[in-house]
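As structure tokens, the structure follows; a few thoughts come after it.
In the numbering used here, the protein residues as written are 1437 to 1535.
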């Protein structure tokens, strides 16, 4: 009985150590920026970034800059002017562009 308990405890500790190592390695490789956060979160179809009155008026330029990395145009679709909300945008192809 005691031996089984020790084996189970050893397995649990090994799993916890493995998960801790995975989290540490993902943070070391920039994993803290994987989701919505202080910067732009998105891909070639669009994305979001946090609302800030400090950059009011240049939201369109931020979206266009992100989409330009993929050779696409950007368009802001939603601005929620409240702290904690996000500005969302879409990326779309240039006219006449074929994939």
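Glycine included, every Cβ here is placed at the ideal spot set by N, Cα and C.
Kindly indicate the opening and closing residues of the alpha helix (DSSP H) around residue 1501.
1495-1504
Relative to the C-alpha of residue 1484, which residue among 1507, 1514 and 1439 is closest?
1514
Leaving out the 5 sequence neighbours to the left and right, which residues in its chain are closer than 7 Å to residue 1521 when beta-carbon positions are compared?
1487, listed in sequence order.
Name, in chain order, the residues that DSSP records as bridge partners for residue 1514.
1524
Identify which residue in 1490, 1489, 1475 and 1518 has its Cα closest to the Cα of residue 1499.
1475
Taking just the CA atoms, how far does residue 1512 sit from residue 1496?
6 Å
Determine the closest residue to residue 1501 out of 1518, 1480, 1439 and 1490, with distance taken between C-alpha atoms.
1480
By the 10 Å Cβ neighbour count, where 16 or more other Cβ atoms means buried, how is residue 1491 classified, buried or exposed?
exposed
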